[in-house]
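For reference, the structure discussed in these notes is given below.
Number of protein chains: 2
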Amino acid sequence: MEQGLTREIAAFVVRSRFDDIPERVLAHGVRAIFNGFGTALGGSRDEAIERLSGVLGAYSSGAAATVIGRSERLDMPTAAFLNAAAINVFDFDDTHAGTIIHPTAPVAPAALALAETRRLTGAELLHAFILGAEITCRLGNAVSPGHYNRGWHITATCGIFGAAVAASKLLKLSEEQIVWALGSAAAQSSGLVETLGFMAKSVGVSGAARNGLMSALMAEAGVEGPPCPIEGPRGFLRVTCDAPKPQLVLEGLGTHWEILRNMFKPYPCGVVLNPVIDACLAARSAPGFDAARIARITVRGNPLLKARADRPDVTRGREAQVSAQHAVAVSILRGSAGAAEFSDAAVRASDVRALRAKVAPVEADESIPLDAAELVLTFVDGGNAILREDHASGSPDNPMSDAALRAKFAALAQHGTPELDPAPLAERLWHVHDVGDVAELMDMARR
Amino acid sequence: MEQGLTREIAAFVVRSRFDDIPERVLAHGVRAIFNGFGTALGGSRDEAIERLSGVLGAYSSGAAATVIGRSERLDMPTAAFLNAAAINVFDFDDTHAGTIIHPTAPVAPAALALAETRRLTGAELLHAFILGAEITCRLGNAVSPGHYNRGWHITATCGIFGAAVAASKLLKLSEEQIVWALGSAAAQSSGLVETLGFMAKSVGVSGAARNGLMSALMAEAGVEGPPCPIEGPRGFLRVTCDAPKPQLVLEGLGTHWEILRNMFKPYPCGVVLNPVIDACLAARSAPGFDAARIARITVRGNPLLKARADRPDVTRGREAQVSAQHAVAVSILRGSAGAAEFSDAAVRASDVRALRAKVAPVEADESIPLDAAELVLTFVDGGNAILREDHASGSPDNPMSDAALRAKFAALAQHGTPELDPAPLAERLWHVHDVGDVAELMDMARR
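Same order as they appear, the protein sequences are chains A and B. Numbering of the first sequence is given in this note's numbering, commencing with residue 4 and proceeding in unit increments. Numbering of the second sequence is given in this note's numbering, commencing with residue 4 and proceeding in unit increments.
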């Protein structure tokens with residue numbers, strides 16, 4: 004194991020200046036924060052957020068930090084927790100191509116709560132967020148694919164380190180203190196794939212934001228940690244991964260930016276479903292298409308598609324977000340795949356249930372990349388149609404345009420906070436690096 | 004994997020009545036809570052607790068719950084966090100023989116905070132604590148020894164489930180809600196062996212208490228979890244252990260009590276060191292013994308002794324608690340092994356440093372059980388002495404007497420809270436099952 008890896012990370016974070024960040028990395032950071040605010044607005048009144056907010060509000064002290072899209076203000080850790088939940092609740096947030104990490108959900112809320120409370124600038128926020136997201140994705144690279152395959156929800160387990168990094172940068176911690184923060188983060192790193200499809204998923208992801216922030220605050224207060232919490236013999240990499248690649252954490256750090264492989268999603272569901280939905284929407288738009296003629300549908304994709312989303316029996320929207328069978332049926336029938344298509348009501352609709360039953364178990368094919376998928380429609384009259392999506396929309400080779408991101412933001416705001424005019428907030432977010440006081444920005448995100 | 008394991012646990016917790024608990028299990032529960040209060044008093048002003056209390060107090064709402072041995076009252080989750088840290092900070096708390104779990108640290112604080120806030124009885128507290136500790140130890144059995152050996156701090160990783168169980172019982176949650184609570188606990192289960200010897204260890208253990216409590220409170224508020232968070236294909240057992248034995252969780256549940264294998268420690272350090280210290284104290288009490296004559300000391304013990312405590316270079320008390328070399332040197336020189344012998348000052352003392360340098364690397368011997376150890380003293384004049392401890396004090400075959408436990412309590416109170424008269428508190432704790440209102444009990448534990 005590479006001795007001193009944790010300390011190298013800490014040194015990088017201390018040393019990094021805003022001017023060191025390349026223009027296109029900054030631009031990506033702006034898009035990530037923008038997209039995260041949109042998904043937070045969209046998720047802000049999901050039932051999971053309502054319930055979590057109800058119970059956690061009782062253990063929050065003061066009103067220092069904004070809960071995006073809601074009226075209450077809470078303390079920093081609780082606001083970070085709820086904002087992470089809201090960003091991620093629909094699985095509509097960003098996704099790092101190499102690891103399937105959703106980096107913004109755990110990292111941005113920790114940075115936002117601190118930047119708001121301490122009245123820091125948008126540039127400081129952006130800088131800290133980029134560093135945190137970068138470390139999150141690099142740790143993810145070092146434990147992929149074994150870590151996720153074993154059952155770790157990598158967004159939460161790696162995200163807590165990124166949240167700690169972002170908060171540490173904003174707190175201007177020393178190298179030693181950042182090593183401690185990463186030690187307390189390691190002690191709290193958790194999150195299981197088994198919880199996906201349930202509200203308990205949010206508990207893992209939100210805990211990463213909250214506890215990463217707390218790790219930095221504890222380090223500031225002198226709570227000491229071990230020297231090698233990440234690379235040590237009983238440290239994060241070895242304990243949570245059978246074959247970690249620690250060299251991937253530091254290789255090219257500061258010159259090669261992993262955050263540039265972060266993608267924005269056009270559909271509110273597991274990213275593995277993107278090429279499947281693209282293919283379904285293409286199939287539906289073919290001249291003369293008639294869903295009533297379908298006898299059977301076969302989906303073929305990367306083995307991860309099968310591992311993650313071969314889920315024929317779903318009863319709720321949350322499960323449907325990771326169900327290829329549901330995604331296929333609903334997108335073919337409705338011709339779109341937004342929040343409404345992954346609601347409880349859509350899952351229960353009788354036409355969707357009937358078509359879902361015609362979707363066969365997912366076929367795994369090692370030769371198909373993650374951003375591609377193949378769809379075979381067999382018709383009752385014997386004919387069939389084969390559709391192939393090679394680069395799913397939202398993938399690195401087919402990214403969402405600025406206009407598409409803005410439209411997604413507006414639609415999410417309309418879904419979650421229809422009483423809020425999202426246009427001024429969107430404009431400020433699009434220029435977040437010019438914001439003088441993050442507290443004023445956050446004020447615009449309140450109902 | 005045994006489908007329905009989580010639900011079986013939940014059903015057991017719902018069904019259990021106080022009258023179902025055998026007398027000797029109740030008696031053990033009383034001793035565990037008593038011992039835990041003692042170690043909390045002793046640890047209540049350790050520097051780790053001071054620093055954690057300083058930073059966490061700012062994010063605590065209201066004053067519903069007592070922090071043992073301190074003046075401040077905080078909200079339930081924060082009090083649970085700090086009390087778990089104080090109970091465990093010296094490694095002087097209880098230890099389950101099969102797993103080396105310290106069950107009281109994560110479980111009791113969650114139950115105490117709830118019982119105090121809701122003004123429940125001592126019998127309800129005792130009952131909930133016993134159920135939580137029992138489930139903690141049984142989950143530990145199911146993942147031992149691979150889980151700890153891999154690097155998981157088993158007290159924290161399993162303790163969070165016990166904290167959730169104890170809190171669920173006090174909240175009178177339904178079977179379904181307890182399954183949810185265990186799901187949120189699974190999403191937060193964490194803690195690394197790499198942090199032992201550092202304040203970050205407390206972050207893991209304390210997080211288990213706090214987050215187990217929060218899991219139950221979230222379940223009460225309707226935060227749903229997956230049906231099989233413990234036994235599922237990506238659930239706790241499989242993800243954190245290469246060869247789990249799920250059947251050990253349920254086998255004999257309610258008739259065979261694992262909590263009876265829980266031990267109380269005579270020395271404030273890693274339990275693997277108990278037989279080593281016994282042998283050292285015996286060696287020192289031999290007629291004509293002279294430490295100045297020692298040329299070299301060899302310690303032979305169970306492989307876990309070597310894995311856990313072969314640590315020749317220590318600079319602080321916290322590391323010394325898991326150092327065989329330090330434990331040997333200080334107990335031979337001082338003739339005792341209490342809090343003072345594991346302080347920073349004791350580690351730095353020049354005579355201790357000199358003798359520590361004469362202690363060879365630990366020799367591992369599969370044939371030596373965990374509660375035994377062998378000591379070979381080689382003298383400068385060529386002679387040697389061999390001492391063997393077969394059943395360490397505090398082990399199941401040589402348990403601490405009630406009188407010894409009471410003396411330990413008094414000494415810890417004197418160490419941590421000299422201004423508090425511990426006698427009335429000790430009397431109430433010794434009869435905790437007769438306490439009508441846990442809030443009154445907790446009031447006696449405040450400075």
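The beta-carbon is built from N, C-alpha and C at its ideal position, and this holds for glycine as well. Given the structure is predicted, the values throughout are model-derived calculations rather than measurements.
By how many angstroms is the C-alpha of residue j removed from the C-alpha of residue i?
i	j	result
proline 425/A	alanine 410/A	11 Å
leucine 276/A	arginine 351/A	20 Å
glutamate 369/A	asparagine 152/A	15 Å
aspartate 94/B	isoleucine 24/B	28 Å
leucine 251/A	alanine 289/B	57 Å
phenylalanine 267/A	alanine 188/A	27 Å
arginine 303/A	arginine 391/A	9 Å
alanine 3/A	leucine 134/A	Since the first residue of chain A shown is 4 and the last is 450, residue 3/A is not available in this structure.
leucine 263/B	asparagine 387/B	39 Å
lysine 175/B	alanine 30/A	51 Å
valine 428/B	isoleucine 36/B	In the sequence under discussion, the amino acid at residue 428/B is leucine, which differs from the valine named in the question. Roughly 12 Å separates the two Cα atoms.
aspartate 440/B	serine 193/A	36 Å
valine 438/A	glycine 125/A	5 Å
valine 70/B	isoleucine 233/A	32 Å
leucine 380/B	isoleucine 297/B	7 Å
arginine 27/A	glutamine 417/A	29 Å
glycine 238/B	serine 47/B	35 Å
asparagine 3/A	methionine 447/B	Chain A is shown from 4 up to 450; residue 3/A falls before or after that span and cannot be answered.
glycine 149/A	glycine 45/B	43 Å
glutamate 119/B	methionine 79/B	9 Å
threonine 9/A	cysteine 272/B	28 Å
methionine 403/B	aspartate 97/B	11 Å
Judging by CA-CA distance, which residue of the options is the nearest neighbour of residue i?
i	options	result
methionine 217/B	Ala212/A, Val226/A, Val206/A, Thr42/A	Val206/A
valine 355/B	Pro364/B, Leu380/B, Gln328/B	Gln328/B
lysine 361/A	Ile300/A, Arg241/A, Ile280/A, His436/A	Ile300/A
aspartate 384/B	Val325/B, Ala295/B, Asn214/B, Glu234/B	Ala295/B
alanine 116/A	Arg54/A, Asp22/A, Arg141/A, Leu220/A	Leu220/A
glycine 338/B	Ala310/B, Ala285/B, Ala376/B, Gly291/B	Ala285/B
glycine 478/B	Val28/B, Arg34/B, Leu174/B, Arg18/B	Because chain B is modelled from 4 through 450, residue 478/B falls outside the range shown and cannot be assessed.
serine 433/B	Gly101/B, Leu423/B, Arg449/B, Phe412/B	A small correction: the amino acid at residue 433/B is tryptophan; serine does not occupy that position in the sequence shown. Checked all of Gly101/B, Leu423/B, Arg449/B, Phe412/B; the closest Cα to tryptophan 433/B is Phe412/B.
threonine 420/B	Arg54/B, Arg73/B, Glu234/B, Ile52/B	Arg73/B
histidine 394/A	Ala376/A, Ala406/A, Asp405/A, Leu408/A	Ala376/A
proline 408/A	Asn38/A, Val16/A, Glu26/A	Note that residue 408/A is leucine in the sequence shown here, rather than proline. Comparing Cα positions, the closest option is Asn38/A.
valine 182/A	Gly7/A, Glu127/A, Leu123/A, Thr42/A	Gly7/A
serine 346/A	Val365/A, Ala367/A, Arg359/A, Glu322/A	Glu322/A
alanine 343/A	Glu178/A, Tyr270/A, Met79/A	Tyr270/A
threonine 139/B	Gly291/B, Ser19/B, Ala212/B, Ala282/B	Ala212/B
glutamate 127/B	Cys161/B, Phe84/B, Arg449/B, His436/B	His436/B
arginine 121/B	Met447/B, Arg449/B, Asp446/B, Ala442/B	Ala442/B
glycine 225/A	Glu50/B, Arg287/B, Ala87/B	Glu50/B
alanine 43/B	Glu366/B, Val17/B, Ala111/B	Ala111/B
arginine 359/B	Lys204/B, Cys161/B, Glu366/B, Ala330/B	Ala330/B
Quick one: list the residues of chain A neighbouring residue i, beta-carbon separation under 9 Å, in chain order.
i	result
cysteine 221/B	It is methionine, not cysteine, that sits at residue 221/B in the sequence shown. In chain order: Arg54, Leu55, Val58, Leu59, Met202, Ala203, Val206.
Starting from residue i, find everything on chain B with Cβ-Cβ shorter than 9 Å and list it in chain order.
i	result
phenylalanine 37/A	Within chain B, no residue comes near phenylalanine 37/A; the closest Cβ sits about 28 Å away, beyond 9 Å.
glycine 46/A	Ordered by position in chain B, no residue passes the 9 Å Cβ test against glycine 46/A, which lies about 15 Å from the chain.
glutamate 119/A	By Cβ distance, chain B contributes nothing, its closest Cβ being about 15 Å from glutamate 119/A, past 9 Å.
So which residues on chain A does residue i lean against when the C-beta distance must stay under 8 Å?
i	result
serine 63/B	Tyr62, Ser64
glycine 143/B	None at all; the shortest Cβ gap to chain A is about 17 Å.
glycine 210/B	Ala190, Gln191, Asn214
alanine 439/B	Checking the displayed sequence, the identity of residue 439/B turns out to be glycine instead of alanine. None at all; the shortest Cβ gap to chain A is about 26 Å.
Report the neighbours of residue i on chain B: residues whose CB is nearer than 7 Å to its CB, in chain order.
i	result
valine 196/A	Arg237
aspartate 78/A	Tyr62
Strictly below 7 Å CB to CB, what residues from chain A border residue i?
i	result
aspartate 316/B	Those do not exist, as aspartate 316/B stays about 13 Å from chain A at its closest Cβ, beyond 7 Å.
Run the proximity test for residue i: is its beta-carbon closer than 6 Å to any non-hydrogen atom belonging to the ligand NAP?
i	result
valine 383/A	As for the ligand NAP, it is missing from this structure, which has no ligand bound.
Can you pull the chain B residues whose beta carbon is under 8 Å from the beta carbon of residue i, in chain order?
i	result
alanine 224/A	Arg54, Leu55, Gly57, Val58
Margin query: At a CB distance below 8 Å, what residues from the stretch 178-192 of chain B approach chain A? Give them in sequence order.
Written below: Flagged, chain order: Trp183, Gly186, Ser187, Ala189, Ala190, Gln191, Ser192.
Notebook entry, point to check: Just by C-beta distance, which residues in the stretch 147-180 of chain B are closer than 7 Å to chain A?
Noted result: Residues Arg153, Gly154, Trp155.
Checklist line | Any alpha helix (DSSP H) of 4 or more consecutive residues that is wholly inside the stretch 301-365 of chain B | finding: With a minimum length of 4 residues, the continuous alpha helix (DSSP H) runs that stay inside the stretch 301-365 of chain B are 306-312, 320-323, 327-337, 347-351, 353-359.
Checklist line | Residues from the stretch 240-254 of chain B in contact with chain A, defined by Cβ distance under 7 Å | finding: Residues Arg241, Val242.
Checklist line | Contact set between the stretch 294-323 of chain A and chain B, restricted to residues whose Cβ is under 8 Å from the partner | finding: The residues in question: there are none.
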